[in-house]
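Engineer: What follows is a single structure, and I will ask about it in a moment.
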Amino acid sequence: MTSERKSIHGQWSTRMMFILAATGSAVGLGNIWKFPYITGENGGGTFVLVYLLCIALIGVPIMMAEIMLGRRGRQSPINTMSTLAEDEKRNKRWVWLGWMGMVAGFLILSYYSVIAGWALSYIFRTASGVFIGATAEGVSSIFGDLVSDPERLLAWHTIFMVMTTVVVSRGVKNGLEVAIRFLMPSLLVLLLMVVAYAMTTGHFMEGVRFMFTPGEITQEGVLTAMGHAFFTLSLGMGAIMVYGSYLPRQTSIAKATAFIALADTAVALLAGLAIFPIVFANGLMPGEGPGLIFKTLPIAFGQMEAGTLVGTAFFILLTFAAWTSAISIIEPAVAWLVENKGVNRIYASAWVGLVTWVLGLGTVFSFNIWSDKTWSIPYLFDDYTFFDTLDKLTSNVLLPLGGLFIAIFAGWLMRESSSRGELDSVGWVFRIWQILLRFVAPIAVIIVFLKAVKII
Ligand code: PFF
Numbered sequence: 049m050t051s052e053r054k055s056i057h058g059q060w061s062t063r064m065m066f067i068l069a070a071t072g073s074a075v076g077l078g079n080i081w082k083f084p085y086i087t088g089e090n091g092g093g094t095f096v097l098v099y100l101l102c103i104a105l106i107g108v109p110i111m112m113a114e115i116m117l118g119r120r121g122r123q124s125p126i127n128t129m130s131t132l133a134e135d136e137k138r139n140k141r142w143v144w145l146g147w148m149g150m151v152a153g154f155l156i157l158s159y160y161s162v163i164a165g166w167a168l169s170y171i172f173r174t175a176s177g178v179f180i181g182a183t184a185e186g187v188s189s190i191f192g193d194l195v196s197d198p199e200r201l202l203a204w205h206t207i208f209m210v211m212t213t214v215v216v217s218r219g220v221k222n223g224l225e226v227a228i229r230f231l232m233p234s235l236l237v238l239l240l241m242v243v244a245y246a247m248t249t250g251h252f253m254e255g256v257r258f259m260f261t262p263g264e265i266t267q268e269g270v271l272t273a274m275g276h277a278f279f280t281l282s283l284g285m286g287a288i289m290v291y292g293s294y295l296p297r298q299t300s301i302a303k304a305t306a307f308i309a310l311a312d313t314a315v316a317l318l319a320g321l322a323i324f325p326i327v328f329a330n331g332l333m334p335g336e337g338p339g340l341i342f343k344t345l346p347i348a349f350g351q352m353e354a355g356t357l358v359g360t361a362f363f364i365l366l367t368f369a370a371w372t373s374a375i376s377i378i379e380p381a382v383a384w385l386v387e388n389k390g391v392n393r394i395y396a397s398a399w400v401g402l403v404t405w406v407l408g409l410g411t412v413f414s415f416n417i418w419s420d421k422t423w424s425i426p427y428l429f430d431d432y433t434f435f436d437t438l439d440k441l442t443s444n445v446l447l448p449l450g451g452l453f454i455a456i457f458a459g460w461l462m463r464e465s466s467s468r469g470e471l472d473s474v475g476w477v478f479r480i481w482q483i484l485l486r487f488v489a490p491i492a493v494i495i496v497f498l499k500a501v502k503i504i
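Count along the sequence shown starting at 1, add 48, and that's the number in this note's numbering.
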């Protein structure tokens, strides 16, 4: 019987453990670094609204589906898809969904690690006290110095990759629980402190208005908002699926998903409320790009009471949040190597880490020596740096495509008795899930994508 399958990698020790690990995967740079800067680039209000709708109508049902597939298959996403396709008597090619996710994982982690390196380096910058009383220009130039120096970026990227591989090589379950149980709430408290500071800038309402008053948005902006819903919830590439494969049977998938999605969204919105008032108070531009939080938050830390301490703690926690996400990004590939190549976790993690590290060099260079080297992909984008290309290719194409296939497989190709048995939810919850997964999510993904590439 499928439901009695066991994972060779073990199980989460408690139900809470899964929720913590999946929340740790979801909450990361996506919430604090990426959400504010893409909101800024895409004009605020409407972008936030589209993002929230995508979380609720597309992200939540697909997350439930991904956890469910993982728990049924109990293996790495690649092997899970091949086993489930066989169980459900479907085409063997579904295994490609797992492969695509694994490729997306390598690409995402390669740049994620470079940005996490920025956060890591800011722990020491902030602790040194350079931001005390610094002006907006001073803070911007400190950021400019960092990203224009490939050697420093490379060093931090390397340290972060080593940190990630070491944890993954020991098995994702060890240590993650304590880390997340304690660190997540602390991150929330520090964010609230920055929001409290933002309220004293005299520009708080301007920030609120920017985030919540609907305005203009481009088709590409809509695609970015949808892609971000996948990215921030860690969906479409198997990270949540592999965590689901370690999930004990009794856990309610619907409740866990609701918690993860709410926590993730709350952190992103708080980050926006912390950052935009600082942007307006200091005459900065919301569309500053990927450096936005590094050009704004230090201003706050330089001015608030005990700012050096609060700021240092903030960047430590941000690094941790990035770390717990990075671990989940590489787990599908590591689990697959262990299952199929008969290697141990240490060896598997080292290989995956090494390949990702090498790919990361492209992102390191795209902020300095390659800053004018650009790439174009027909229909999708013109003249993007290496970093932007990876980011758009994963968030706007691979993750939504992965999510679309997950929705089709779980919604249409799996027998209803299989999914009902896994979800075991109250009747109406199951029905709503099914409608969202079968119709709303796939149709929305297809329309948003085709409109953005101007095919319709
Ligand atoms: N959700 C993470 C964040 O918001 O930072 C990033 C991420 C993790 C993306 C895992 C994809 C993934 F599979």
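Ideal placement from N, C-alpha and C gives every residue a C-beta, glycine not left out.
Since this is a predicted model, take the numbers as computed values, not measurements.
In chain order, what residues of the same chain have a beta carbon less than 6 Å from the beta carbon of GLN267, not counting five sequence neighbours either side?
Structural biologist: By one-based count along the sequence shown, residue 267 stands at place 219. So the qualifying residues of the chain are LYS499, ALA500.
Engineer: Could you give the distance in angstroms between the alpha-carbon of LEU132 and the alpha-carbon of ILE126?
Structural biologist: As a first step, residue 132 must be located in the sequence shown, where it is residue number 84. As a first step, residue 126 must be located in the sequence shown, where it is residue number 78. Spanning the two alpha carbons is a distance of roughly 10 Å.
Engineer: Can you name the start and end residues of the beta strand (DSSP E) that SER9 belongs to?
Structural biologist: Any property of residue 9 remains undetermined from this structure, which presents the chain solely from 49 to 504.
Engineer: Once you ignore the five residues that flank VAL400 on each side, which residues in its own chain have a CB closer than 6 Å to its CB?
Structural biologist: Residue 400 sits at position 352 when you count from the first residue of the sequence shown. If we look at VAL400 and ignore the five residues flanking it on each side, its Cβ neighbours are ILE378, ALA381, VAL382.
Engineer: When you compare each of THR62, ARG53, LEU77 to LEU366 by their alpha carbons, which one comes out closest?
Structural biologist: As a working mapping, residue 366 is identified with position 318 in the sequence shown. Relative to LEU366, the option among THR62, ARG53, LEU77 whose CA is nearest is LEU77.
Engineer: Pick from ALA455, ARG463, MET462, VAL477: whose alpha carbon is nearest that of PHE487?
Structural biologist: As a working mapping, residue 487 is identified with position 439 in the sequence shown. The alpha carbon of PHE487 has as its nearest neighbour, out of ALA455, ARG463, MET462, VAL477, the alpha carbon of ALA455.
Engineer: Give a yes or no on whether the C-beta atoms belonging to ILE67 and GLY292 are separated by under 8 Å.
Structural biologist: The residue you call residue 67 lines up with position 19 of the sequence shown. The residue you call residue 292 lines up with position 244 of the sequence shown. The answer is no: Cβ separation not under 8 Å.
Engineer: Using the C-alpha atoms, what's the distance from ALA69 back to GLY92?
Structural biologist: Looking up residue 92 in the sequence shown gives position 44. Looking up residue 69 in the sequence shown gives position 21. In a straight line, the C-alpha of GLY92 is about 30 Å away from that of ALA69.
Engineer: Examine the Cβ distances between the region 198–205 and the region 461–479 and report whether three or more of them are shorter than 8 Å.
Structural biologist: no
Engineer: Any residues whose CB sits closer than 6 Å to a heavy atom of the ligand PFF? List them in chain order?
Structural biologist: SER73, ALA74, GLY76, LEU77, GLY78, ASN79, ILE156, PHE279, THR280, SER282, MET285, ALA287, SER373, SER376, ILE377
Engineer: Put PHE230 into one of helix, strand or coil per three-state DSSP.
Structural biologist: Translated into the one-based positions of the sequence shown, residue 230 becomes position 182. Looking at PHE230 - three-state DSSP - the assignment turns out to be helix.
Engineer: Report the residue ranges of all beta strand (DSSP E) runs contained in full by the region 374–435; include only those spanning at least 3 residues, in chain order.
Structural biologist: 423–425, 429–432
Engineer: Are there 16 or more other CB atoms within 10 angstroms of the CB of PHE230, so buried, or fewer, so exposed?
Structural biologist: Here residue 230 corresponds to residue number 182 of the sequence shown, with the count starting at 1. PHE230 comes out exposed.
Engineer: Find the nearest neighbour of PHE208 within the set VAL98, GLU52, THR372, judged by alpha-carbon distance.
Structural biologist: Counting from 1 along the sequence shown, the entry for residue 208 is found at position 160. With distances taken between Cα atoms, PHE208 lies closest to THR372.
Engineer: My output table needs one value for MET352: the three-state DSSP class, helix, strand or coil.
Structural biologist: Counting from 1 along the sequence shown, the entry for residue 352 is found at position 304. MET352 falls in the coil class under three-state DSSP.
Engineer: For the alpha helix (DSSP H) containing TRP144, name the first residue and the last one.
Structural biologist: Within the sequence shown, numbered from 1, the residue matching residue 144 stands at position 96. Start and end: 143–175.
Engineer: Exposed or buried, which one is LEU310 when buried takes at least 16 other CB atoms within 10 Å?
Structural biologist: Within the sequence shown, the letter at position 262 stands for residue 310. When all chains shown are included, LEU310 counts as exposed.
Engineer: Under the rule that 16 or more other beta-carbon atoms within 10 Å means buried, what is TRP81, buried or exposed?
Structural biologist: Here residue 81 refers to the residue found at position 33 of the sequence shown. That one is buried.
Engineer: With a Cβ-Cβ cutoff of 8 Å, do ILE364 and ILE190 count as a contact?
Structural biologist: As a first step, residue 364 is located in the sequence shown; it is residue number 316 there, counting from the start. As a first step, residue 190 is located in the sequence shown; it is residue number 142 there, counting from the start. Cβ atoms of ILE364 and ILE190: not closer than 8 Å.
Engineer: How far does the alpha helix (DSSP H) with TRP204 in it extend, from its first residue to its last?
Structural biologist: The residue you call residue 204 lines up with position 156 of the sequence shown. Run containing TRP204: 198–217, per the alpha helix (DSSP H) assignment.
Engineer: Measure the beta-carbon distance from TYR432 to TRP423 and round it to whole angstroms, keeping in mind my assumption that it falls under 8 Å.
Structural biologist: Looking up residue 432 in the sequence shown gives position 384. Looking up residue 423 in the sequence shown gives position 375. About 6 Å; that satisfies the 8 Å criterion.
Engineer: Excluding sequence positions up to five away, which residues of its chain have a Cβ less than 7 Å from the Cβ of ASN330?
Structural biologist: To locate residue 330, count along the sequence shown from 1; it is residue 282. Answer for ASN330: ALA184, ILE347, listed in chain order.
Engineer: Quick one: what does DSSP say ILE56 is sitting in, helix, strand or coil?
Structural biologist: Along the sequence shown, one-based indexing puts residue 56 at 8. In this structure, ILE56 counts as coil in the three-state DSSP scheme.
Engineer: I need the boundaries of the alpha helix (DSSP H) containing ASN127, first residue and last residue.
Structural biologist: As a first step, residue 127 is located in the sequence shown; it is residue number 79 there, counting from the start. 125–135 is the span of the alpha helix (DSSP H), which, as asked, contains ASN127.
Engineer: Just the Cα atoms here: how many angstroms apart are LYS54 and LEU438?
Structural biologist: For the purposes of this step, residue 54 is taken as residue 6 along the sequence shown, with counting starting at 1. For the purposes of this step, residue 438 is taken as residue 390 along the sequence shown, with counting starting at 1. Taking the straight line from one Cα to the other gives about 35 Å.
Engineer: What does the Cβ neighbour count give for SER466, buried or exposed, with the cut at 16 atoms within 10 Å?
Structural biologist: Residue 466 sits at position 418 when you count from the first residue of the sequence shown. Counting Cβ neighbours within 10 Å, SER466 comes out buried, since at least 16 surround it.
Engineer: Return helix, strand or coil for ASN330, following the three-state DSSP convention.
Structural biologist: As a working note, residue 330 is residue 282 in the sequence shown. Looking at ASN330 - three-state DSSP - the assignment turns out to be coil, as it is neither helix nor strand.
Engineer: With distances taken between CB atoms, is the gap from ALA316 to ASN139 smaller than 8 Å?
Structural biologist: As a position in the sequence shown, residue 316 is number 268, starting the count at 1. As a position in the sequence shown, residue 139 is number 91, starting the count at 1. For ALA316 and ASN139, no; Cβs fall outside 8 Å.
Engineer: Apart from the five residues just before and just after VAL98, which ones in its own chain have a Cβ nearer than 8 Å to its Cβ?
Structural biologist: Working through the sequence shown from its first residue, we reach residue 98 at position 50. These residues qualify, in order along the chain: ILE265, GLY269, VAL270, ALA273, MET274.
Engineer: I believe THR305 touches MET111 by the beta-carbon criterion, under 8 Å. Please report the beta-carbon distance rounded to the nearest angstrom.
Structural biologist: Stepping through the sequence shown from its first residue, residue 305 is reached at position 257. Stepping through the sequence shown from its first residue, residue 111 is reached at position 63. Yes, they are in contact, since the Cβ atoms of THR305 and MET111 sit about 5 Å apart, within 8 Å.
Engineer: THR87 and MET46 - do their beta-carbons sit closer together than 8 Å?
Structural biologist: The question about residue 46 has no answer here: the residues shown for the chain are numbered 49 through 504.
Engineer: Distance, Cα to Cα, GLU241 vs LEU332?
Structural biologist: The residue given as residue 241 occupies position 193 in the sequence shown. The residue given as residue 332 occupies position 284 in the sequence shown. In the sequence on display, residue 241 carries Met and not Glu. Cα to Cα, MET241 sits roughly 21 Å from LEU332.
Engineer: At which residues does the alpha helix (DSSP H) containing PHE260 begin and terminate?
Structural biologist: Taking the sequence shown and counting its residues from 1, one reaches residue 260 at position 212. PHE260 -> alpha helix (DSSP H) spans 252–260.
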